[in-house]
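The next block holds one structure in the form of C-alpha cells; read it before the comments.
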Amino acid sequence: MVKDKILVIGASGQIGVELTLALRKVYGNANVVASDLREENDLLKGTGPYVSLDVMNKEMLHVQVIRQNITQIYLLAAILSATGEKNPNLAWNLNMQGLLNVLDIAREEQIHKVYWPSSIAVFGPASPKINCPQQTIIEPITVYGISKYAGEFWCNYYHHRYGVDVRSLRYPGLISYKSAPGGGTTDYAIEIFHSALEEKKYTCFLKEDTYLPMMYMPDAIKATLSLMEAPQELITVRTSYNVAAISFSPKEIAAAIQQHIPDFSIAYQPDYRQTIANSWPQSIDDSTARNDWNWKPDFNLELMTADMIDNLKAPNV
Ligand code: NAD
Ligand code: SER
C-alpha cells in the first residue's frame with residue numbers, strides 16, 4: 001500500500017496550524033508537509049517539514065507536489081469575508097485561481113484526495129435564516145461568498161468530470177486559541193476572549209442580537225478528519241457539506257464569559273461587518289453530514305467558553 005504524503009497549503013493560518021498538527025498525529029510528522037506564503041507558525045516549528053509556497057505559482061506548486069511525492073492536498077489559503085470586501089479582486093483571484101491550480105495538479109498527478117473548505121458565507125439574504133438546509137436558495141452578497149459558491153461547483157465539476165476525490169465542508173465561524181483568525185466576520189467571537197482576559201471589556205463590531213453559526217476548533221478538526229477518512233461511497237455531496245455545532249449572539253457569548261469573569265463588560269459599535277453578518281443564516285441544518293458520515297459536534301457554548309478561558313489563561317499547546 002502506498003503511504004499517504006500530505007501537503008497543507010496555508011498551514012500558518014488559523015485552521016492550518018491545528019489541522020497540520022492533527023494530521024501529523026495521524027499520518028506521522030514527516031508525512032505532512034506544511035506550506036504557506038508567510039513564515040512558519042511558531043507552533044509548527046520542529047514538528048515536521050515546512051516549505052515556503054505561493055499557491056498562485058502553479059509551476060512551483062507542481063514542482064513541490066512531484067518532489068515531495070504528495071498524495072493528498074489540503075488547501076486552506078484564502079482571503080476571508082471581511083478582508084475580501086476591502087479588496088474584492090484580490091479575494092476573487094486567490095480564492096478561485098488557488099483552487100483551480102490545486103484541482104488541475106490533483107488531476108494531472110492523480111492525487112488521492114483533496115480537501116478545500118467552503119463556508120456558511122455561500123448563503124445570502126434569501127436563504128432561510130434558521131436551520132438553513134444543505135440545498136436551498138443560495139445568493140451570496142460578499143465576494144468571499146461568491147468565490148466559495150463558485151469553488152464548490154468547481155470541486156463538483158472536477159470530481160464528476162475527472163474523478164478527483166475532492167471533499168469540502170461549509171465551516172461556520174471557527175473559534176480557537178492557538179492561532180489568530182485571518183480577517184473574517186466571525187472573528188469577534190475570538191477577540192472577545194482575549195479582551196475579556198486582558199481588559200475585562202470588549203467593544204463588539206456586531207450588534208448584540210446577531211446570531212451566527214459557530215464551531216469550536218476541535219470540532220472543526222474532527223469534522224475535517226472524519227470527512228476525509230470516510231469511504232468514498234458515503235460521500236453524497238460533492239459541492240460542500242453543511243456542518244453545524246453552536247449558534248449564539250454577541251450578547252449570549254458575553255453572558256457565557258461573565259460566568260467565568262463576572263466583571264467583564266461588552267459594548268457594541270457595529271461596522272461594515274454587520275451587513276455581512278445580516279446576510280448569513282443564524283443556524284445551519286447539517287443532517288446530511290450527520291447521516292452520511294456520522295458527524296456530531298462535542299462542544300456547546302458553555303464547554304467551549306470554559307475551554308477557551310482555561311487555555312488562554314494557562315497556555316497548554
Ligand atoms: P487564515 O487567513 O487564518 O489562513 C490562511 C493562510 O493562507 C494564511 O496563513 C496565509 O498566509 C496563507 N496564504 C494566503 N495567500 C497564500 C498564497 N498565495 N499561497 C499560500 N498561502 C497563502 O484563514 P483560515 O481561517 O485558517 O481559513 C482557512 C480556510 O478555511 C479558508 O479557505 C477559509 O475560507 C475557510 N474558512 C474559515 C473559517 C473560519 O472561521 N476561520 C470559516 C469558514 C471557512
Ligand atoms: N469565519 C468566516 C468569515 O467570517 C466564515 O467563512 O469570513
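The opening residue of the sequence shown carries number 1 in this note's numbering; numbering runs sequentially from there.
Here a beta-carbon is modelled for each residue, glycine too, at the ideal position from N, C-alpha and C.
Given the structure is predicted, the values throughout are model-derived calculations rather than measurements.
For the 8 Å CB-CB criterion, Q14 and P181 form a contact. For the pair I246 and N300, the CB atoms are nearer than the 8 Å cut-off. Closest by C-alpha distance to V237, out of V166, I192 and I130, is V166.
Closest in alpha carbon position to L212, among N311, I253 and Y158, is I253. In this structure, the ligand SER has no non-hydrogen atom nearer than 7 Å to the beta-carbon of I146.
In this structure, the ligand SER has no non-hydrogen atom nearer than 7 Å to the beta-carbon of L169.
Rounded to the nearest angstrom, the gap between the Cα atoms of P49 and K129 is 43 Å. The nearest non-hydrogen atom of the ligand NAD is less than 7 Å from the C-beta of T186. Taking 8 Å as the cut-off, the beta carbon of K5 is found no closer than this to the beta carbon of N29. In the DSSP secondary-structure assignment, M214 is bridged to G173 and I246.
Here the distance from the Cβ of R38 to the nearest heavy atom of the ligand NAD is below 7 Å. In the three-state reduction of the DSSP assignment, T47 falls in the coil class. In this structure, DSSP gives V102 a helical state, which the three-state scheme calls helix. Only exposed fits A267, as fewer than 16 other CB atoms lie within 10 angstroms of its CB. Only buried fits L75, as 16 or more other CB atoms lie within 10 angstroms of its CB. Measuring C-alpha to C-alpha distances from V122 to each of C132, M96, Y149 and L99 identifies Y149 as the nearest.
For the set N57, M304 and W293, the Cα lying nearest the Cα of E233 is the one of W293.
By the beta-carbon neighbour count (other beta carbons within 10 angstroms, threshold 16), N242 is buried.
Among the bridge pairs identified by DSSP, C132 is matched with I284.
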